[in-house]
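Throughout the sequence shown, residue numbering follows UniProt numbering, covering 1 to 559 in sequence.
Remarks on the structure that follows.
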Amino acid sequence: MLVLLLDFYYVPCVCKPRRRLSGLYTWDMMLCSALCWMAATCWLVTSTQTEFYSSIGQMTDLIYLERSLLLSLKDYIREEQLHIERLQHYVQILQEMSEFLAQDPEGHVSNPVAAFKLVKRVKWDWMAMEQLVRQDPSHGFLDNLTMKSQFLPANNEIEGIAMGLIRLQETYQLLPETIAEGRLPGVKYLETLSPDDSYFIAKIALKENNLKSALLWMQHTLKQLDEGQEAVVQKTEVLNSLCSLVFQVGDLAWALELTRQLNTLDPGDVKTASLLDYFEKLANSVKQQSENKVKGANLELFQKPPNIIQDKDNYEALCRGERIRMTPKKEKNLVCRFNNGNFNPRLLLAPIKEEEEWDRPLILRYHDFMSDDEIKTIKFLSQPKLARAGVSDRKTGGQFIAEYRVSKSAWLREEDHLVVFRLNQRIADVTGLSMESAEPLQVANYGVGGQYEPHYDFPRIHVNDTVFKLNGSRIATLLIYMSDVEAGGATVFPDVGAALQPIKGTAVFWYNVLKNGEDDYSTLHGACPVLVGSKWVSNKWIRVRGQEFRRPCGLSETE
Ligand SMILES: O=C(O)CCC(=O)C(=O)O
Ligand SMILES: [Fe+2]
Numbered sequence: 001m002l003v004l005l006l007d008f009y010y011v012p013c014v015c016k017p018r019r020r021l022s023g024l025y026t027w028d029m030m031l032c033s034a035l036c037w038m039a040a041t042c043w044l045v046t047s048t049q050t051e052f053y054s055s056i057g058q059m060t061d062l063i064y065l066e067r068s069l070l071l072s073l074k075d076y077i078r079e080e081q082l083h084i085e086r087l088q089h090y091v092q093i094l095q096e097m098s099e100f101l102a103q104d105p106e107g108h109v110s111n112p113v114a115a116f117k118l119v120k121r122v123k124w125d126w127m128a129m130e131q132l133v134r135q136d137p138s139h140g141f142l143d144n145l146t147m148k149s150q151f152l153p154a155n156n157e158i159e160g161i162a163m164g165l166i167r168l169q170e171t172y173q174l175l176p177e178t179i180a181e182g183r184l185p186g187v188k189y190l191e192t193l194s195p196d197d198s199y200f201i202a203k204i205a206l207k208e209n210n211l212k213s214a215l216l217w218m219q220h221t222l223k224q225l226d227e228g229q230e231a232v233v234q235k236t237e238v239l240n241s242l243c244s245l246v247f248q249v250g251d252l253a254w255a256l257e258l259t260r261q262l263n264t265l266d267p268g269d270v271k272t273a274s275l276l277d278y279f280e281k282l283a284n285s286v287k288q289q290s291e292n293k294v295k296g297a298n299l300e301l302f303q304k305p306p307n308i309i310q311d312k313d314n315y316e317a318l319c320r321g322e323r324i325r326m327t328p329k330k331e332k333n334l335v336c337r338f339n340n341g342n343f344n345p346r347l348l349l350a351p352i353k354e355e356e357e358w359d360r361p362l363i364l365r366y367h368d369f370m371s372d373d374e375i376k377t378i379k380f381l382s383q384p385k386l387a388r389a390g391v392s393d394r395k396t397g398g399q400f401i402a403e404y405r406v407s408k409s410a411w412l413r414e415e416d417h418l419v420v421f422r423l424n425q426r427i428a429d430v431t432g433l434s435m436e437s438a439e440p441l442q443v444a445n446y447g448v449g450g451q452y453e454p455h456y457d458f459p460r461i462h463v464n465d466t467v468f469k470l471n472g473s474r475i476a477t478l479l480i481y482m483s484d485v486e487a488g489g490a491t492v493f494p495d496v497g498a499a500l501q502p503i504k505g506t507a508v509f510w511y512n513v514l515k516n517g518e519d520d521y522s523t524l525h526g527a528c529p530v531l532v533g534s535k536w537v538s539n540k541w542i543r544v545r546g547q548e549f550r551r552p553c554g555l556s557e558t559e
């Protein structure tokens, strides 16, 4: 709408410069401005700023946004060129006329008709010219940019992505250069990071008090600068930051060495000179001469932030494919079978392929659980509803946003679409459980380095939990993988050493509650950071109510 208004704003004004002197033009302008303002306000009121980094799926919107801004910039350039061409045209006409009049000025004005035309032209045409010169075709583009700025990423988005890259580097124990040179498994289009990018990531790590990553990224920035890669950031600035970091962790010898380098680079800098003096005196007094020390050897000094996540080491190791606790003996006992849902007519002719992935807790994988077309529909239905997923506060039970769950999710009910209805029916048929108390389908898409650190699916506090009071705990989880993931993104169970790879169209299923009704703490699980790819999953959480006869108590107390 705004584009149309802007066209309307420019076209008549440009073609008929004289009309701009009339009152009509002023009203046109006022009307246009008012409508533009109203349109822009409506946009602002009806839309909220999107967060892009927590969902790869939504990040594609940015590509389209950039394309539309580019088109609008091209329009602006064309307008500007037309503007100049119009001015040149007038200049040419006036030039010819003025040369003609200058040949015999008095002779010309002695003709009353010529005198009338001269006065009229000098007054009106030059005023019109003033308007023409003042006309600024940049408004269209600038208004468009202002309006679209609400759809541009917010400042904290770049930080979010940088944190995602740091998470990937740490979890998968990658060197910064591996990420910076884009040498990641399965990438289709190579992209590299500049020294400025690396330094930005280092600063974010520092801000997050992640000294180890800050050190690695600063060292990498220096390496890139030494290789002669183009950058805005100066080597002295990076050295200064690195120097204060190493001093902060107590490595005086290294700080001294770096200050010497700084002093060589910029001998005139008074601050560096006095710092050098200070460090030398300090080193002498504590008898830690830099020459005798191995610089930067003690990486232990550079701490990662304290670990609040349960079993994080096992989680990260499993994500890397390490510490998987599957023995050949255990593996031999795992079986696969056709599941016909106990002679369910819907599964009789097309039974589901069921494979035991793990024994304790029992984790089953259903193959070909969802078709590509169904996946397309579910993604399509959820895309406009995707919102940043929260995590539960252990004390209050409320939801909040945390970096240990970086994804967007949406809820779909069976009334929303036949595909959702059929999916619920299939889940009931295959698991033999009732869906009457189950939650709607939760669809999730992970963002840059998107993950969900180890957690239990069952709620652990029940204050104000009306769903729990009504329907009981989440007795079971059915997790559908709606995409393959090029690298990373496994679902891992850190307490038992299981790792499940996302395979598009398959679903995994496990009970979160034991037959005796107790929560099963061996089901601690997490979604590993996505290294390359866009991971889509759907969760169906099945509740206790309605399962009394479908999953009866076991014969022993511990079952
Ligand atoms: O995405 C995954 O692999 C697991 C997701 C999950 O555990 C959850 O959403 O609760
Ligand atoms: Fe979960």
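All C-beta atoms in this analysis are idealised placements derived from N, C-alpha and C, irrespective of residue type, glycine included.
Rounded to whole angstroms, A115 and H108 show a C-alpha spacing of 7 Å. The three-state secondary structure of V496, taken from DSSP, is coil. Taking the Cα of L190 as reference, the smallest distance to any Cα among V448, D197, S198, E181 is reached at E181.
For D457, the shortest C-beta to heavy atom distance toward ligand 2 is below 7 Å. Taking the Cβ of V513 as the reference point, every heavy atom of ligand 1 lies at 7 Å or farther away.
By alpha-carbon distance to D520, the top candidate from G488, C528, A490, Y456 is Y456. In this structure, the straight-line span from the alpha carbon of T50 to that of D465 is close to 29 Å. Excluding residues up to 5 positions away in sequence, S437, R543, V544, R545 lie with their Cβ nearer than 7 Å to the Cβ of N471 in the same chain.
Given a length threshold of 3 residues, each whole run of the beta strand (DSSP E) inside the segment 407 to 470 is given here in chain order: 407 to 412, 441 to 446, 452 to 455. Collapsing the DSSP output to three states places T477 in a strand. Exclusion of the five residues before and after F458 leaves S473, R474, N512, D519 as the residues of its chain whose Cβ lies within less than 6 Å of its Cβ. Cα atoms of F200 and L206: separation of roughly 10 Å, rounded to the nearest angstrom. For the pair V443 and M59, the Cα-to-Cα distance works out to about 17 Å. Taking the Cα of H220 as reference, the smallest distance to any Cα among D197, E106, V113 is reached at D197.
Listed in chain order, the non-local C-beta contacts of T171 below 6 Å within the same chain comprise E316, C319, P529, local neighbours out to five positions each way being set aside. Around the beta-carbon of K120, fewer than 16 other beta-carbon atoms lie within 10 Å, marking it exposed. D519 is bridged by DSSP to V513. Excluding sequence positions up to five before and after T236, its CB lies within less than 7 Å of the CB of L262, L265, D266, all in the same chain and listed in chain order. L132 sits close to R86, with the two beta carbons spaced by under 8 Å.
Segment contact: the segment 348 to 356 against the segment 484 to 494, fewer than three CB-CB distances shorter than 8 Å; contact not assigned.
Around the beta carbon of Q224, a 10 Å sphere encloses 16 or more other beta carbons of the protein chains shown; the residue is thus reported as buried. In this model, L524 and W358 are separated by some 14 Å (Cα to Cα). At a threshold of 7 Å, Y452 counts as near ligand 1, since its beta carbon sits closer than that to one of the ligand's heavy atoms. Remark: the shortest separation between the CB of H417 and any heavy atom of ligand 2 does not fall under 7 Å. Counting only residues of its own chain and dropping the five nearest sequence neighbours on each side, I161 has a CB closer than 7 Å to the CB of Y53, V448.
Exclusion of T259 from the 7 Å shell around ligand 2 follows from its C-beta lying no nearer than that to any non-hydrogen atom of the ligand. In the three-state reduction of the DSSP assignment, N155 falls in the helix class, which pools H, G and I. Y189 carries a coil assignment under DSSP once its states are collapsed to helix, strand and coil. Inclusion of L69 and K148 in the CB contact set at 8 Å is warranted, their separation being smaller than that value. Per DSSP, the unbroken alpha helix (DSSP H) holding G57 starts and ends at 56 to 103. In terms of Cβ geometry, L531 and A487 form a close pair [threshold 8 Å].
Around the CB of C336, fewer than 16 other CB atoms lie within 10 Å, so the residue is classed as exposed.
If you check the CB distance, A527 and Y404 do not come in under 8 Å.
When I84, H139, L152 are compared, the shortest CA-CA separation from E66 is found for L152. Within the DSSP bridge table, the entry for I542 names A476 as partners. Pairwise C-beta distances place the segment 405 to 423 out of contact with the segment 321 to 330, as fewer than three of them are shorter than 8 Å.
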